[in-house]
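A.B. asks: First the structure, then my questions, so here it is.
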Amino acid sequence: MLLALGAGIFVRPPIVLAEDAEPAPSMQVSAYELIIAMNTLRVSYGLPALIEDPIVNAVAQNTAQIMAANSMSWHIGDVRGRIAAAGYGNGGTVWATENFAVSSGGMGIDQIMAVWADPDHMRPAVTPAYCHIGAGVATVNGKTYYVLQAAYVGGQECGSYTSVGGVSASGTVISPISQLIVPVQIATADADGKIYHVVQAGQSFWSIAVAYKITIRDLETWNNLTHDTPLQSGQRLFIPNENTAGYATPTPFGMFVLASPDADGRIIHEVAAYQTLTTIADAYHVAVDRILQLNGLQAEWPLQIGQKLVIDPGNVTPSPTLSNIQKLTPAGDGNYYHTVGSGETLVWIAGLYEVPLADLMAWNGLNNTSVIYPNQKLLLRVTPPATATATPAPATITPSPSPSLTSAPRTETAPAEIPPLKESSGNSGLGFILGLGIILIGGLLWWRFARKD
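Quick note: the sequence shown, position 156, residue 171 per this note's numbering, numbers continuous.
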């Protein structure tokens, strides 16, 4: 896991420094290497190297130890205030910037400088106003933090102020001059097309790698060296290039090899050295937010060399999108929880679930000075909204036919006005019989009364 963040982000102060914060192992990149690497980049931009300052060094090292002790994934904040409070600037207006990177298991200088290749992290290398530099490295529980700070005093020219005394990141007494950075002159190929670089005084693995647009690992591999061994003046180094058998040239800074769509139109980009989300988005003419959405990333998460990014999902049918609350699954106690991931903050988590930050802190007994840790579970007193489903229409009752009859389907109609009853043809026969009976009875009665007379 690799994380890097730039300057200018203000967060709450951390908790106190733990006693188990220790310097990084000897195999790790040292603070001095961070300074040399950043100054090498600065010189390559035509600017003078930054002067190592003992106070800035001390603040950077203390920052690394605090961040390591508290497993922080964000800046402490107010870097200029911390440096000024330590005595830098003698009361003048202090301006400063801070880079940090953190990894589990450590990383090489190539990786650190690659994740610091975006504009925010490049401020120490490209901003003329900065005068001084300091760095610190600390490891706790397998996590190593690398911190680099650059500063200057407002209204004072570089070189007119230097903090008194102090020991450099390399362990020597700091003098009021910048590190010796010798620009690397590119060697020409010999008759066999091979390039050999002759090391000059003050040159480092990093400065040589930057000049030839290769990596330190390339120098180590092709010269059977380790960067823990200091280079010697006059030493010859073989420089691999595109004509070297078995060597793959790394992508130069600012250059891209665009991935081609597959049979389904899907585009996958493999991150190369010196590439950032912004430069990748520009190369493919897509929005950064689109890349973040397709890959489930956050803007502050750094990229890693070799990481694969979905640029275009191709010809796929999108599935219904659920909100983050709808994706929650209740725990055994019936409550909902969020498991904190590396790099997440309370502000970000509150925004993820669209809940007030104050409520999130109240639910978990936290306040503005609280620090959260990866894998910590935070209670969410939310009720996920029901997923919209289609409501079926009322069922229509269809009469079943009589078991003894077979009938065709009939259509139900609205009841109409009942017409007057009509005499049916069956009633007319009955009326005739009744009338005949009345005539016979009347005739008999007339005959009887007639005889009596």
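Glycine is no exception: its CB is placed at the ideal position from the N, C-alpha and C atoms.
Checking contacts by CB at 9 angstroms: is glycine 120 closer than that to chain B?
C.D. replies: In the structure shown, chain B does not exist; there is a single protein chain.
A.B. asks: Using the three-state DSSP reduction, which class does isoleucine 387 fall into: helix, strand or coil?
C.D. replies: Against the sequence shown, residue 387 aligns to sequence position 372. Looking at isoleucine 387 - three-state DSSP - the assignment turns out to be coil, as it is neither helix nor strand.
A.B. asks: Can you tell me which of Phe253, Pro371 and Ala216 puts its alpha carbon nearest to the alpha carbon of asparagine 239?
C.D. replies: What you label residue 239 is simply residue 224 of the sequence shown in a count that begins at 1. Nearest C-alpha to asparagine 239: Phe253.
A.B. asks: Which of helix, strand or coil does DSSP assign to threonine 177?
C.D. replies: Taking the first residue of the sequence shown as 1, we reach residue 177 at position 162. Three-state DSSP puts threonine 177 in coil, outside helix and strand.
A.B. asks: For glycine 249 and valine 199, which I take to be in contact (beta-carbon distance under 8 angstroms), what is that distance rounded to the nearest angstrom?
C.D. replies: For this step, residue 249 is matched to residue 234 along the sequence shown. For this step, residue 199 is matched to residue 184 along the sequence shown. Contact doesn't hold; Cβ gap of about 15 angstroms is too wide.
A.B. asks: Would you tell me roughly how many angstroms separate the C-alpha atoms of glycine 96 and glycine 104, rounded to the nearest one?
C.D. replies: Here residue 96 is taken as the residue at index 81 of the sequence shown, counted from 1. Here residue 104 is taken as the residue at index 89 of the sequence shown, counted from 1. Straight-line Cα distance between these residues: approximately 11 angstroms.
A.B. asks: Exposed or buried, what is aspartate 233 when buried is set at 16 or more other beta-carbons lying within 10 Å of its beta-carbon?
C.D. replies: Indexing the sequence shown from 1 puts residue 233 at position 218. Buried: at least 16 other Cβ atoms inside 10 Å.
A.B. asks: Which ranges does the alpha helix (DSSP H) cover as unbroken runs of at least 4 residues, wholly within the segment 53-102, from first to last along the chain?
C.D. replies: Entirely contained in the segment 53-102, the alpha helix (DSSP H) runs reaching 4 residues are, in chain order, 69-84 and 94-100.
A.B. asks: Give the single residue among Leu455, Ala204, Ser119 and Thr291 whose Cα lies nearest to the Cα of proline 134.
C.D. replies: In the sequence shown, the residue the question calls residue 134 occupies position 119. The shortest C-alpha separation from proline 134 is found at Thr291.
A.B. asks: For the segment 67-78 against the segment 130-144, do three or more pairs of beta-carbon atoms, one drawn from each stretch, fall closer than 8 angstroms, so that the two count as touching?
C.D. replies: Contact between the segment 67-78 and the segment 130-144 is absent, because fewer than three Cβ pairs lie under 8 angstroms.
A.B. asks: Just to confirm before moving on: does the CB-CB distance between leucine 318 and isoleucine 295 stay below 9 angstroms?
C.D. replies: Your numbering for residue 318 matches position 303 in the sequence shown. Your numbering for residue 295 matches position 280 in the sequence shown. Cβ distance < 9 angstroms, so leucine 318 and isoleucine 295 count as in contact.
A.B. asks: Measure the C-alpha to C-alpha separation of threonine 241 and phenylalanine 220 and round it to an integer number of angstroms.
C.D. replies: As a first step, residue 241 must be located in the sequence shown, where it is residue number 226. As a first step, residue 220 must be located in the sequence shown, where it is residue number 205. Rounded to the nearest angstrom, the two C-alpha atoms are 10 angstroms apart.
A.B. asks: Just the Cα atoms here: how many angstroms apart are proline 276 and leucine 312?
C.D. replies: The count along the sequence shown starts at 1 and reaches residue 276 at position 261. The count along the sequence shown starts at 1 and reaches residue 312 at position 297. Using only the alpha carbons, I get a separation of about 22 angstroms.
A.B. asks: Is valine 168 near the ligand ADP, going by C-beta to nearest heavy atom under 8 angstroms?
C.D. replies: The ligand ADP is not part of this structure, which contains no ligands at all.
A.B. asks: Along the chain, which unbroken stretches of the alpha helix (DSSP H) at least 4 residues long are found entirely within the segment 272-339?
C.D. replies: Those alpha helix (DSSP H) runs which fall completely within the segment 272-339 and span 4+ residues are 292-299 and 303-310.
A.B. asks: Do the segment 120-128 and the segment 83-99 meet, that is, are 3 or more Cβ pairs less than 8 angstroms apart?
C.D. replies: As far as the Cβ criterion goes, the segment 120-128 does not touch the segment 83-99, which means the pair count is below three.
A.B. asks: Which two residues bound the contiguous beta strand (DSSP E) that contains valine 155?
C.D. replies: In the sequence shown, counting from the first residue as 1, residue 155 sits at position 140. Start and end: 147-155.
A.B. asks: Measuring CB to CB, does tyrosine 299 end up less than 9 angstroms from asparagine 256?
C.D. replies: Start at 1 with the first residue of the sequence shown, and residue 299 comes out as number 284. Start at 1 with the first residue of the sequence shown, and residue 256 comes out as number 241. Contact flag unset, no.
A.B. asks: Looking at the strands, I want to know which residues DSSP matches up with lysine 392.
C.D. replies: Here residue 392 refers to the residue found at position 377 when the sequence shown is read from its first residue. Per DSSP, Thr354.
A.B. asks: When DSSP labels each residue in this structure, what does tryptophan 131 get in the three-state scheme?
C.D. replies: Working through the sequence shown from its first residue, we reach residue 131 at position 116. Tryptophan 131: coil per DSSP, three-state reduction.
A.B. asks: Taking the Cβ atom as the reference point for each residue, do glycine 157 and aspartate 68 lie within a distance shorter than 9 angstroms?
C.D. replies: On the sequence shown, position 142 is the one that residue 157 refers to. On the sequence shown, position 53 is the one that residue 68 refers to. Contact flag unset, no.
A.B. asks: What do you reckon, are the CB atoms on alanine 153 and tyrosine 145 nearer than 9 angstroms?
C.D. replies: Within the sequence shown, residue 153 is the residue found at index 138, counting from 1. Within the sequence shown, residue 145 is the residue found at index 130, counting from 1. Not in contact: alanine 153 and tyrosine 145 (Cβ atoms no closer than 9 angstroms).
A.B. asks: Under three-state DSSP, which class holds isoleucine 454?
C.D. replies: Counting from 1 along the sequence shown, the entry for residue 454 is found at position 439. Looking at isoleucine 454 - three-state DSSP - the assignment turns out to be helix.
A.B. asks: Near isoleucine 210, what residues of its chain come up, given a Cβ to Cβ distance below 7 angstroms and the 5 sequence neighbours on each side ignored?
C.D. replies: Here the question's residue 210 lines up with position 195 in the sequence shown. Hits under 7 angstroms: Ala202, Ala204, Ile254 and Asn256.
A.B. asks: Does alanine 408 come out as helix, strand or coil in the three-state DSSP assignment?
C.D. replies: Numbered from its first residue, the sequence shown carries residue 408 at position 393. At alanine 408 the pLDDT is 48, less than 50, meaning the model places this residue with poor confidence; the figure from the coordinates comes in the next sentence. Reduced to three states, the DSSP call for alanine 408 is coil.
A.B. asks: Apply the 10 Å Cβ neighbour rule to glycine 380 and answer buried if 16 or more other Cβ atoms are within range, or exposed otherwise.
C.D. replies: Taking the sequence shown and counting its residues from 1, the one referred to as residue 380 is at position 365. Flag for glycine 380 reads exposed.
A.B. asks: For the beta strand (DSSP E) holding isoleucine 254, just list the boundary residues, first then last.
C.D. replies: As a first step, residue 254 must be located in the sequence shown, where it is residue number 239. That run of the beta strand (DSSP E) goes 251-254.
A.B. asks: Give every residue of the same chain whose Cβ lies closer than 8 angstroms to the Cβ of lysine 392, excluding the five residues on either side of it in the sequence, and list them in chain order.
C.D. replies: Reading the sequence shown from its first residue, position 377 is the one you call residue 392. If we look at lysine 392 and ignore the five residues flanking it on each side, its Cβ neighbours are Tyr352, His353, Thr354 and Val355.
A.B. asks: Buried or exposed for leucine 273, please, with buried defined as at least 16 other CB atoms from any protein chain shown within 10 angstroms of its CB.
C.D. replies: Here residue 273 refers to the residue found at position 258 of the sequence shown. Under this definition leucine 273 is an exposed residue.
A.B. asks: By the DSSP assignment, the alpha helix (DSSP H) with isoleucine 364 in it spans what residues?
C.D. replies: By 1-based counting over the sequence shown, the position of residue 364 is 349. Note, isoleucine 364: alpha helix (DSSP H), 361-368.
A.B. asks: Is it right to say arginine 396 is buried, meaning 16 or more other beta carbons lie within 10 angstroms of its own, or is it exposed?
C.D. replies: Within the sequence shown, the letter at position 381 stands for residue 396. Label assigned to arginine 396: exposed.
A.B. asks: So what's valine 225 in DSSP terms, helix, strand or just coil?
C.D. replies: Taking the first residue of the sequence shown as position 1, residue 225 is located at position 210. Looking at valine 225 - three-state DSSP - the assignment turns out to be helix.
A.B. asks: Buried or exposed for asparagine 383, please, with buried defined as at least 16 other CB atoms from any protein chain shown within 10 angstroms of its CB.
C.D. replies: Numbered from its first residue, the sequence shown carries residue 383 at position 368. Flag for asparagine 383 reads exposed.
A.B. asks: Could you check the C-alpha separation between leucine 372 and proline 328 for me, to the nearest Å?
C.D. replies: As a first step, residue 372 is located in the sequence shown; it is residue number 357 there, counting from the start. As a first step, residue 328 is located in the sequence shown; it is residue number 313 there, counting from the start. Cα to Cα, the separation comes out at about 34 angstroms.
A.B. asks: What residue does the beta strand (DSSP E) around isoleucine 201 start on, and which one ends it?
C.D. replies: Here residue 201 refers to the residue found at position 186 when the sequence shown is read from its first residue. Run containing isoleucine 201: none; DSSP gives neither H nor E here.
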